[in-house]
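Here the structure is laid out as structure tokens; the discussion comes afterwards.
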Amino acid sequence: MKFALLASGSKGNCCLIKHNDTKLVIDCGSTRKYLKACFERLQYDHLSSDAILITHTHTDHVSQMKMFQSIDTYATQDIATDHLHAIRPFESFDIKDFHITVLPMSHDCEGTVGYVIECENEKMVYVTDTGYIKKEVKDYIRDADYYVFESNHDIEMLMQTSRPVYVKQRIINDYGHLCNEDSANILSEVISEETTKEIVLAHISQEGNTRDMALRTLQQTFDKKQIHREHMRLYSADQFSIYVSGNGGKKE
Numbered sequence: 000m001k002f003a004l005l006a007s008g009s010k011g012n013c014c015l016i017k018h019n020d021t022k023l024v025i026d027c028g029s030t031r032k033y034l035k036a037c038f039e040r041l042q043y044d045h046l047s048s049d050a051i052l053i054t055h056t057h058t059d060h061v062s063q064m065k066m067f068q069s070i071d072t073y074a075t076q077d078i079a080t081d082h083l084h085a086i087r088p089f090e091s092f093d094i095k096d097f098h099i100t101v102l103p104m105s106h107d108c109e110g111t112v113g114y115v116i117e118c119e120n121e122k123m124v125y126v127t128d129t130g131y132i133k134k135e136v137k138d139y140i141r142d143a144d145y146y147v148f149e150s151n152h153d154i155e156m157l158m159q160t161s162r163p164v165y166v167k168q169r170i171i172n173d174y175g176h177l178c179n180e181d182s183a184n185i186l187s188e189v190i191s192e193e194t195t196k197e198i199v200l201a202h203i204s205q206e207g208n209t210r211d212m213a214l215r216t217l218q219q220t221f222d223k224k225q226i227h228r229e230h231m232r233l234y235s236a237d238q239f240s241i242y243v244s245g246n247g248g249k250k251e
């Protein structure tokens, strides 16, 4: 399994996942110009995708649905497409090589979900936009090979921003976003020292966080809990750069 994170954050989200000739897209936020440029850099024909999975209907996740109008679309809510497949939390289904499980998230958009994507002997967890992880969800996300996992904000840094109080409260409540500490603690519970190869911290706030701070919090939490991470690739995603799995680096 290979994946490429094209955009991650409040200005857009999109991820490509591939195994053999099976190709999935998760979300299609950002601008048309930016996504087209990413596809060109990766030499990826987005119209050859087998399906697009939608996490929720906030604009930063679905703004470019027109680009995928002809592609099978899986979502919990009605969305502007001619090929909608309605899905529900904890439902599982197959798309060619991939076995996909839908996970309920806690966010201020009805029907927000994450995904577990499995093929052959590998497992990927994709979780963004949630205020917390429900207990019953944790069993589904244990022992994955790959994690794309929200680490949205540092609480102290967020509180020092000029954002209105109601916005700050929205972000930190149970229907908002995971802070660095909560993200790191959850990951330390569910990852496997033997299995986990790669963790990409996602949906990092550009005002209430830094990529270095999110990554450092994860590293310090792993060290505190004596989790050996020498063989894991740890990375914090940027809003506007391509991260390609397997090579441990960005593709500008």
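If you're matching positions, the sequence shown starts at 0 in numbering that gives the first Met the number 0 and goes up one per residue. Every residue gets a Cβ at the ideal spot worked out from N, C-alpha and C, and that includes glycine. All values derive from a computational prediction rather than experimental measurement.
Check whether residue i and residue j have beta carbons under 8 Å apart
{"i": "M231", "j": "N179", "result": "no"}
{"i": "G110", "j": "T75", "result": "yes"}
{"i": "C118", "j": "D153", "result": "no"}
{"i": "S187", "j": "K224", "result": "yes"}
{"i": "L34", "j": "Q63", "result": "yes"}
{"i": "H84", "j": "D71", "result": "yes"}
{"i": "K1", "j": "G245", "result": "yes"}
{"i": "L52", "j": "Y73", "result": "yes"}
{"i": "D44", "j": "G11", "result": "no"}
{"i": "S240", "j": "I203", "result": "no"}
{"i": "V61", "j": "P88", "result": "no"}
DSSP bridge partner residues for residue i (one or two, in chain order)
{"i": "L15", "result": "A3, V24"}
{"i": "Y125", "result": "Y114, V147"}
{"i": "V101", "result": "Y114"}
{"i": "D52", "result": "The residue asked about is misnamed: residue 52 is Leu in this sequence, not Asp. Answer is I25, Y73."}
{"i": "C178", "result": "H152"}
Identity of the residue in the options nearest residue i by Cα
{"i": "I273", "options": "Y174, K22, M156, S62", "result": "Absent from the model: residue 273. The displayed extent of the chain is 0 to 251, so no value can be given."}
{"i": "H55", "options": "D173, S69, C13", "result": "C13"}
{"i": "E155", "options": "E149, I170, S235", "result": "I170"}
{"i": "H106", "options": "S91, T127, P88", "result": "T127"}
{"i": "L177", "options": "S191, S150, Y73, L52", "result": "S150"}
{"i": "N172", "options": "L157, Q218, E193", "result": "L157"}
{"i": "I252", "options": "M104, S91, T194, P103", "result": "No statement about residue 252 is possible, as the shown extent of the chain runs from 0 to 251 and does not include it."}
{"i": "Q205", "options": "R31, F148, C37, D237", "result": "D237"}
{"i": "R40", "options": "T194, D59, L15", "result": "L15"}
{"i": "V243", "options": "Q42, R31, K32, G11", "result": "Q42"}
{"i": "I94", "options": "M104, D59, M66, A50", "result": "A50"}
{"i": "Q218", "options": "H45, A183, S191, E193", "result": "A183"}
{"i": "N19", "options": "F89, S48, F239", "result": "S48"}
{"i": "H227", "options": "R210, E193, L214, T209", "result": "E193"}
{"i": "D181", "options": "V61, T216, P88, H60", "result": "T216"}
{"i": "R210", "options": "K65, L233, C37", "result": "L233"}
{"i": "T31", "options": "L214, M66, D222", "result": "In the sequence on display, residue 31 carries Arg and not Thr. The candidate whose alpha carbon is nearest that of R31 is M66."}
For residue i, the three-state DSSP class (helix, strand or coil)
{"i": "T58", "result": "helix"}
{"i": "Y242", "result": "strand"}
{"i": "S47", "result": "helix"}
{"i": "D93", "result": "strand"}
{"i": "F143", "result": "Residue identity check: residue 143 is Ala in the sequence provided, not Phe. Note: A143 maps to coil in three-state DSSP."}
{"i": "Y234", "result": "strand"}
{"i": "E109", "result": "coil"}
{"i": "I226", "result": "coil"}
{"i": "I154", "result": "helix"}
{"i": "A201", "result": "strand"}
{"i": "A85", "result": "strand"}
{"i": "R31", "result": "helix"}
{"i": "T80", "result": "coil"}
{"i": "E193", "result": "coil"}
{"i": "L214", "result": "helix"}
{"i": "E188", "result": "helix"}
{"i": "K133", "result": "coil"}
{"i": "T220", "result": "helix"}
{"i": "K10", "result": "coil"}
{"i": "R162", "result": "coil"}
{"i": "E39", "result": "helix"}
CB contact check: residue i to chain D, cutoff 8 Å
{"i": "T21", "result": "Annotation note: the requested chain D is absent from the structure, which comprises a single protein chain."}
Pair every Cβ in the stretch 105–123 with every Cβ in the stretch 138–146, then say whether three or more of these pairs are closer than 8 Å. yes
Sufficient close CB pairs (3 or more, under 8 Å) joining the stretch 13–32 to the stretch 74–91: no
Three-pair Cβ contact test at 8 Å for the stretch 195–212 versus the stretch 5–21: yes
Three CB pairs or more closer than 8 Å across the stretch 133–140 and the stretch 149–165: no
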